[in-house]
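Enquirer:
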Amino acid sequence: MFLLATGWPPVEVYAQEGWSRVRSSHFTLIGDAQIKEIDSVALRLEQFRASVLRLFDQNLQKPGRQITAIVFKNDAGFIPFKPLYRGSPSEVSGFFHSSDDKSYIVLSLGGRQSDPYRVILHEFAHLLITEIWQRQPTWLNEGLADYFSTFQPGKNAGEIETGLPIVEHARLLQKRN
């Protein structure tokens, strides 16, 4: 479902039967995945946002920009929307696109990547870090984004895990040695 921006009142347009919409405090999610999977993505994004802002002692009620997440149940549905690399769809499980007033998260829950959240959390972390500090050195921004990209809810309420090893980075380092 997509909203068309015209001079008329908002019109809901359904991309295809079987798509669902979920709204959370800071996100609107649409997708062809099962509603429980979309709910799970919404919960993970809300937990991530709250955790990063809490770690930097930021006001959680700050409105921020509207973020829309498009959740594909598998890679087949995602392929037509993937960024192109050398004329072919790139091997990504998701991507993040941001403008001055709106941001989009696009991800496939059934992609080839080991963790479909890592890329989008990395990019979302950049947005949050920039909102917290207007300017920061690139090394700090990239380091914090990688640190937060491994975010996992903890086993107990209120706990999180982050700063875990990134498998792809470890493999790259092993190849260089």
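Numbering (our numbering), first residue to last: 23 to 199.
For every residue, glycine included, the Cβ atom is placed at its ideal position computed from N, Cα and C.
All values derive from a computational prediction rather than experimental measurement.
Give the single residue among 96, 126 and 141 whose Cα lies nearest to the Cα of residue 48.
Expert: On the sequence shown, residue 48 is found 26 positions in, with the first residue counted as 1. Nearest Cα to residue 48 within the set 96, 126 and 141: 126.
Enquirer: Tell me whether the region 183-199 and the region 93-105 touch, counting them as touching only if at least three CB pairs, one residue from each stretch, are closer than 8 Å.
Expert: no
Enquirer: Helix, strand or coil for residue 93, going by three-state DSSP, please let me know.
Expert: As a working note, residue 93 is residue 71 in the sequence shown. Residue 93: strand per DSSP, three-state reduction.
Enquirer: Going by DSSP in three states, residue 166 sits in which element: helix, strand or coil?
Expert: On the sequence shown, residue 166 is found 144 positions in, with the first residue counted as 1. Secondary structure at residue 166: helix, using DSSP grouped into helix, strand and coil.
Enquirer: Which two residues bound the contiguous beta strand (DSSP E) that contains residue 52?
Expert: Taking the sequence shown and counting its residues from 1, one reaches residue 52 at position 30. Run containing residue 52: 49-53, per the beta strand (DSSP E) assignment.
Enquirer: Out of 160, 157, 164 and 123, state which residue places its alpha-carbon closest to the alpha-carbon of residue 143.
Expert: To locate residue 143, count along the sequence shown from 1; it is residue 121. The shortest Cα separation from residue 143 among 160, 157, 164 and 123 belongs to 164.
Enquirer: Within its chain, find whatever has a CB closer than 7 Å to the CB of residue 27; leave out the 5 residues flanking it on each side and keep chain order.
Expert: Along the sequence shown, one-based indexing puts residue 27 at 5. Confidence at residue 27 is low in this model, with a pLDDT of 39, below 50, so the placement of that residue should be treated as unreliable; the coordinate-derived value is given next. Cβ contact annotation for residue 27 (same chain, cutoff 7 Å, sequence separation greater than five): none.
Enquirer: Rounded to whole angstroms, what's the CA-CA distance from residue 120 to residue 79? Just pull it up for me.
Expert: Working through the sequence shown from its first residue, we reach residue 120 at position 98. Working through the sequence shown from its first residue, we reach residue 79 at position 57. Their backbone Cα atoms lie some 24 Å apart in a straight line.
Enquirer: Tell me which same chain residues have a C-beta within less than 7 Å of the C-beta of residue 128, skipping the five on either side of it?
Expert: Walking along the sequence shown from the start, residue 128 turns up at place 106. Counting only Cβ-Cβ distances below 7 Å, and skipping sequence neighbours, we find 92, 103, 116 and 117.
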